[in-house]
Each structure stands twice: as structure tokens, then as C-alpha cells.
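In this text, residue positions in the sequence shown follow our numbering: the first is 147, and each later residue adds one.
The beta carbon of each residue, even a glycine, is placed where N, CA and C say it ideally should be.
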Amino acid sequence: MKGRFITIEGAEGAGKSTNIALLERLLTERGIDHLRSREPGGTALAERIRSLLLDDDGLGPSALAELLLIFAARADHLEKCIVPALEQGQWVICDRFTDATFAYQGYGRGLPRAAIEALQTITQGQLRPDLTIILDLDPAVGLQRIGGRGGLDRIERESIDFHAKVRNGYVAIAKAEPERCVLIDAAADPAQVAATIRAALVERLPELQ
Ligand code: Z5A
147 MKGRFITIEG AEGAGKSTNI ALLERLLTER GIDHLRSREP GGTALAERIR
197 SLLLDDDGLG PSALAELLLI FAARADHLEK CIVPALEQGQ WVICDRFTDA
247 TFAYQGYGRG LPRAAIEALQ TITQGQLRPD LTIILDLDPA VGLQRIGGRG
297 GLDRIERESI DFHAKVRNGY VAIAKAEPER CVLIDAAADP AQVAATIRAA
347 LVERLPELQ
């Protein structure tokens with residue numbers, strides 16, 4: 147692929163949206179054409195699947211149905227949006243991607259890793275992000291940060307135990323793949339978090355130096 151694929155991950159309220167905005171500014175400063183997207187979502191169909199997954203409407207899917215819906219959304223997103231952009235040389239910044247599936251559906255829900263890996267291969271082939279920023283935060287702090295903005299979605303309403311498993315999952319992913327993932331302490335003040343992310347990006351992606 148000609149473009150770079152950067153993903154940002156972490157607990158709810160960890161600061162993904164805040165820091166994606168800063169990352170976009172850095173790319174714009176460097177004159178790098180880029181596309182911002184999110185998962186689940188990024189295409190009309192995938193955004194509809196997102197509603198099925200996150201709306202707290204009593205229709206909540208079973209754990210396996212949730213996993214399959216996430217990969218259905220991802221397949222559409224990859225084919226219609228991510229892959230064409232990367233092939234044209236655009237950089238893609240995505241708010242969550244398959245690490246979220248390993249963290250939430252794997253570590254959180256307890257679905258087998260082998261099933262997620264099989265779906266990953268079917269859906270993505272060998273495509274993986276070039277760089278993944280993982281914002282690490284105590285879930286209680288993250289939920290407190292977002293609590294002020296109104297109703298929580300179906301997954302945000304899960305128990306604190308569930309969110310703790312997700313956090314541990316992200317830390318394990320970062321440790322297992324240090325060449326791709328950077329684990330950032332998201333409890334630091336916003337300016338510090340932004341500076342650490344910027345330093346990691348510049349160090350790991352030569353185009354940004
Ligand atoms: N999900 C899944 O289960 N499986 C999958 O494969 C995928 C997703 C892809 C969608 O998440 C849900 O889908 C997610 C996982 C699941 N569910 N949950 N729960 P999302 O990414 O759309 O939503 P989110 O994780 O809930 O993101 P968020 O709430 O928008 O949080 P954020 O983007 O990380 O945070 P933010 O909006 O940048 O910041 C939150 C607040 O904190 C805001 O007021 C900021 O000003 C403040 N903030 C930010 N940084 C700081 C620092 N450093 N200090 C203090 N305050 C700060």
C-alpha cells in the first residue's frame with residue numbers, strides 16, 4: 147500500500163477523539179493527504195451496523211453475533227474506504243480497528259482468540275496498521291470523563307470488571323507487538339499525552355521527521 151495506516155485505541159474516554167484531532171493537524175502541517183475514519187463505522191452500511199451494536203434498545207446481539215457484525219462492518223469499511231484510500235497514497239487514521247475486537251470481544255467477552263484471528267484473516271488478509279497508538283487509562287477514570295456528556299451506549303454500560311478486562315487486553319496486545327503498538331499513559335494531562343503521541347509518531351514514521 148502507498149499510504150500509511152494508523153489506528154488509535156483505548157478505553158472509552160481515554161482521549162482518542164481529542165488526540166486524533168492533533169494527529170490530523172500534524173499530517174496537515176506536513177502536507178500529507180489523509181482520511182479520518184472510525185470503527186465500527188466509516189461507510190453507510192457500517193454506520194448502520196454501529197447503531198445495531200451500540201444502541202441500548204433491548205435488541206443487544208449475542209456475543210458471537212456482535213463479533214460477526216463487527217467484522218461485517220469492517221469488511222465493508224475496508225473494501226469501500228480504507229483499502230482504496232491507502233492504494234491512492236492517502237494516509238488513513240482510524241478511531242479503533244481490529245485490536246478493539248481482540249480487546250472487547252476477546253478479552254472482554256471471552257470469545258476464542260482463534261475465532262477472531264480466523265475472521266481477521268478472512269476480512270483483512272495480511273493488512274495490518276503500520277502504527278497503533280493505545281491510550282491506557284483506568285476505566286473508572288475514562289467512564290467518569292465521558293459521564294458528563296449524557297447517555298452511555300450499550301458497551302459503555304458494561305460492568306467495570308468487563309472494562310478492566312478490556313484494558314488488560316490492550317496492555318497485552320501492546321506488549322506482544324511492540325514494533326507496531328505504542329502504549330501511552332492517558333492519565334497524564336492533555337498536553338503531555340499529545341506531546342508523547344507526537345514524539346512516538348515522529349520517531350516511528352520517517353515521513354513525519
Ligand atoms: N467496539 C468493540 O466492541 N469492538 C470493536 O471491534 C470495535 C469497537 C471497533 C465504539 O467506541 C464502541 O465500539 C466502543 C468499543 C466498541 N465501546 N465502548 N464502550 P467509540 O470509539 O466510538 O467510543 P468510545 O470509546 O466510547 O470513545 P469516546 O467516548 O468518544 O472516547 P475518546 O474518543 O477516547 O475520548 P475523547 O472524546 O477524546 O475524550 C473524552 C473526554 O475526556 C473529553 O471531555 C476530553 O476533553 C477529555 N480528555 C481527553 N484527554 C484527557 C486528558 N488527558 N485528561 C483529562 N481529560 C481528558
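Within a Cβ cutoff of 6 Å, which residues of the same chain sit near residue i, ignoring the five residues on either side of it in sequence?
i      : result
Ala347 : According to the sequence provided, residue 347 is Leu. The question's Ala does not apply to it. Cβ within range, chain order: Leu354.
Leu277 : Ile152, Arg350
Ala320 : Ile280, Cys327, Leu329
If you draw a straight line from the C-alpha of residue i to the C-alpha of residue j, how long is it?
i      : j      : result
Glu233 : Asp203 : 38 Å
Gly177 : His309 : 38 Å
Ala332 : Arg303 : 21 Å
Lys175 : Thr267 : Position check: residue 175 holds Glu in this sequence, whereas Lys was assumed. C-alpha separation (whole angstroms): 35 Å.
Arg295 : Leu289 : 10 Å
Leu198 : Leu169 : 29 Å
Arg291 : Gly159 : 6 Å
Asn165 : Ala261 : 31 Å
Ile280 : Ala334 : 14 Å
Thr269 : Ala221 : 6 Å
Pro207 : Asp201 : 11 Å
Ile306 : Arg300 : 13 Å
Gln272 : Lys162 : 25 Å
Pro336 : Thr342 : 10 Å
Ala167 : Arg259 : 32 Å
Pro324 : Leu191 : 33 Å
Glu263 : Gln338 : 35 Å
Gly246 : Pro352 : A small correction: the amino acid at residue 246 is Ala; Gly does not occupy that position in the sequence shown. Taking the straight line from one Cα to the other gives about 26 Å.
Val238 : Ala340 : 19 Å
Leu224 : Gly293 : 32 Å
Gly256 : Ala231 : 33 Å
Gly315 : Leu205 : 26 Å
Can you confirm whether residue i, when its beta carbon is compared against all beta carbons of chain C, has any partner nearer than 7 Å?
i      : result
Leu205 : The chain inventory of the structure shown lacks chain C, comprising one protein chain alone.
Near residue i, what residues of its chain come up, given a Cβ to Cβ distance below 7 Å and the 5 sequence neighbours on each side ignored?
i      : result
Pro275 : Phe151, Ile152, Thr153, Phe243, Arg326
Cys227 : Ser183, Gly188, Thr189
Ile195 : Pro186, Leu215, Ala218, Ala219
For residue i, which residues does DSSP report across the bridge?
i      : result
Leu181 : Val238
Thr153 : Cys240, Thr278
Which residues in the same chain have their Cβ closer than 8 Å to the Cβ of residue i, if we skip the five residues on either side of it in sequence?
i      : result
Gln236 : Gly149, Asp179, His180, Leu181
Val312 : Ala157, Ala249, Tyr250, Tyr253, Gly254, Pro285
Leu172 : Arg344, Leu347, Leu354
To test your reading of the DSSP string, which unbroken alpha helix (DSSP H) runs of 4 or more residues are found completely within the region 261-306?
Considered as a whole, the region 261-306 harbours 285-293 as its complete alpha helix (DSSP H) runs of no fewer than 4 residues, in chain order.
Contact between the region 211-223 and the region 248-268 is defined here as three or more beta-carbon pairs at a separation below 8 Å; is this criterion met?
The way I'd put it, the region 211-223 does touch the region 248-268; three or more beta-carbon pairs between them come closer than 8 Å.
Taking the runs of the alpha helix (DSSP H) that are 4 residues or longer, which of them lie wholly in the region 216-251?
Taken in chain order, the complete alpha helix (DSSP H) segments of 4 or more residues contained in the region 216-251 are 229-233.
Just to confirm the assignment: which complete alpha helix (DSSP H) runs, minimum length 4, are found wholly within the region 302-341?
Listed in chain order, they are 306-322.
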